[in-house]
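Residue numbers (this note's numbering): 89 to 518. We treat Cβ as the ideally placed atom computed from N, Cα and C, and that holds for glycine. No experiment lies behind these values; they were computed from the predicted model shown. Working notes for the structure below.
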Ligand code: KE4
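This is how it looks when you write it as structure tokens:
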């Protein structure tokens with residue numbers, strides 16, 4: 089596979105960007121080798137600067153749920169940008185976006201646009217602390233909520249990939265205010281709340297974990313967290329930056345029927361442009377400046393170009409049968425992976441929820457982070473490269489989820505599973 093143009097770019101990038109990238113997980117550090125540099129992408133495919141093409145199961149880490157470079161999104165952006173890229177003055181599209189999010193996610197009575205998932209989650213935590221007057225927050229080991237200081241404690245995603253779940257630079261005094269629970273462990277959550285429930289400002293959870301590979305909630309678990317937060321007066325925050333508009337039109341809270349007090353979003357609502365949002369109960373959101381005293385701000389928040397890309401994407405995902413199609417495609421994909429692994433005699437399992445999935449080199453059905461950590465990541469890394477050289481781009485880490493778009497059709501799935509049959513045989517032989 090020709091890689092000299094990516095290699096030349098990476099060599100230059102290493103001199104100028106930490107690790108040669110603008111976000112750690114892109115660097116292939118855990119899977120080894122050098123990252124490829126993208127040239128273009130269209131539908132379910134991405135092409136690198138050396139002309140290699142891959143079926144893309146990252147989709148910019150979630151935003152491209154309707155596929156790359158959809159004409160409907162590009163046209164919406166072209167039309168809006170002709171009138172100016174950003175005003176720093178309210179514009180009508182911000183209101184339209186707020187109407188769409190509050191309509192599609194009824195728990196969000198009000199919403200505030202920001203520019204990334206990180207901004208959304210750190211703002212939601214500040215709101216929970218400000219509204220309750222309490223300082224402690226609860227997160228779950230392996231979950232990732234962006235790089236806000238309070239979250240870089242036993243964090244997932246890139247922090248986990250590099251074995252840096254607790255980042256230097258986070259003051260101990262602050263990290264000590266972040267309490268960690270094991271995901272899907274009912275008793276541990278009850279015990280913690282019995283001990284310190286009155287000190288807990290908020291619980292932030294990925295309602296389907298997508299940053300420690302893919303771990304869905306066990307039946308009743310989200311309801312259990314809801315009941316504990318209600319009983320102890322803590323704010324329940326669903327971090328739906330990844331699951332929002334991905335696992336169903338109304339996100340995980342619609343799929344599982346559990347109503348959080350606050351929700352955070354990103355990715356899909358930007359359609360590929362930098363966007364995040366947080367929203368929830370009116371009595372909470374009204375405490376955000378300038379309506380209330382809790383401060384949060386952003387120069388580019390709600391800019392018309394990002395709103396146009398997001399709104400065009402939200403329109404595409406509301407087409408009839410959109411999620412049924414995603415589910416059917418992902419069901420076929422993971423079943424095909426499991427059949428190919430079995431054929432090659434490789435211990436393997438999958439988890440998935442609608443259009444997000446996880447691949448595990450273990451025969452176990454993974455419900456706990458400990459199991460994800462115990463899976464054979466070395467074998468995953470070899471599988472990653474065996475698939476990449478056959479034109480399939482999976483998440484470059486055993487601790488990430490994969491993403492299916494509406495543009496992944498029969499041809500893409502067939503291509504992927506043909507590569508998987510060969511890749512599992514290759515992995516089995518090593
Ligand atoms: P951003 O700040 O990267 O927009 O969002 C942070 C975030 C918050 N919450 C959840 C549940 C998330 O998954 C994320 C970001 N996801 C990662 C992928 N695991 C983004 C990829 C990256 O870091 O480059």
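In this structure, does DSSP put residue i in helix, strand or coil?
i: residue 367; result: strand
i: residue 389; result: coil
i: residue 239; result: helix
i: residue 480; result: strand
i: residue 183; result: helix
i: residue 352; result: strand
i: residue 303; result: strand
i: residue 213; result: helix
i: residue 205; result: helix
i: residue 467; result: helix
i: residue 434; result: coil
i: residue 198; result: strand
i: residue 95; result: helix
i: residue 312; result: helix
i: residue 422; result: helix
i: residue 297; result: strand
i: residue 496; result: coil
i: residue 337; result: coil
i: residue 330; result: coil
Is residue i near the ligand KE4, going by C-beta to nearest heavy atom under 6 Å?
i: residue 368; result: no
i: residue 110; result: no
i: residue 206; result: yes
i: residue 330; result: yes
i: residue 245; result: yes
i: residue 386; result: no
i: residue 254; result: no
i: residue 149; result: yes
i: residue 233; result: yes
i: residue 294; result: yes
i: residue 354; result: yes
i: residue 299; result: yes
i: residue 113; result: yes
i: residue 327; result: yes
Across which residues does DSSP place residue i in a beta bridge pair?
i: residue 440; result: 445
i: residue 267; result: 226
i: residue 292; result: 325
i: residue 129; result: 134
i: residue 144; result: 481
i: residue 491; result: 444
i: residue 359; result: 361
i: residue 382; result: 376
i: residue 156; result: 131
Measure the beta-carbon distance from residue i to residue j and round it to whole angstroms, keeping in mind my assumption that it falls under 8 Å.
i: residue 208; j: residue 338; result: In fact, because the Cβ distance is near 17 Å, the residues do not count as touching under 8 Å.
i: residue 487; j: residue 299; result: 7 Å
i: residue 390; j: residue 159; result: Residue 390 to residue 159, Cβ: 24 Å. No contact.
i: residue 290; j: residue 213; result: 6 Å
i: residue 515; j: residue 442; result: The pair is not a contact, with the Cβ atoms about 27 Å apart (cut-off 8 Å).
i: residue 473; j: residue 119; result: 7 Å
i: residue 439; j: residue 304; result: 6 Å
i: residue 242; j: residue 225; result: Rounded, the Cβ-Cβ distance is 13 Å, inconsistent with contact.
i: residue 262; j: residue 237; result: 6 Å
i: residue 426; j: residue 436; result: 7 Å
i: residue 219; j: residue 199; result: At roughly 16 Å, the Cβ-Cβ gap does not stay under 8 Å, so residue 219 and residue 199 are not in contact.
i: residue 141; j: residue 479; result: 6 Å
i: residue 132; j: residue 351; result: Between residue 351 and residue 132 the Cβ distance is about 28 Å, and since that is not below 8 Å, they are no contact.
Next item on the list: Check whether the stretch 417-428 touches the stretch 308-324, taking contact to mean three or more Cβ pairs, one atom from each stretch, closer than 8 Å.
Entry: no
Next item on the list: Check whether the stretch 383-403 touches the stretch 452-462, counting contact only when three or more Cβ pairs, one atom from each stretch, lie closer than 8 Å.
Entry: no
Check: With contact counted as at least three CB pairs below 8 Å, one residue from each stretch, are the stretch 325-333 and the stretch 289-300 in contact?
Finding: yes
Margin query: Contact between the stretch 138-146 and the stretch 481-492 is defined here as three or more beta-carbon pairs at a separation below 8 Å; is this criterion met?
Written below: yes
Item checked: Contact the stretch 225-235 vs the stretch 187-199: 3+ CB pairs below 8 Å -> no
Checklist line | Segment contact, 8 Å Cβ cut-off, at least three pairs: the stretch 396-404 with the stretch 348-367 | finding: yes
Notebook entry, point to check: Are at least three pairs of beta-carbons, each pair with one atom in the stretch 115-131 and one in the stretch 90-99, less than 8 Å apart?
Noted result: yes
Notebook entry, point to check: Are there three or more Cβ pairs, one per stretch, closer than 8 Å when the stretch 162-178 is compared with the stretch 493-512?
Noted result: no
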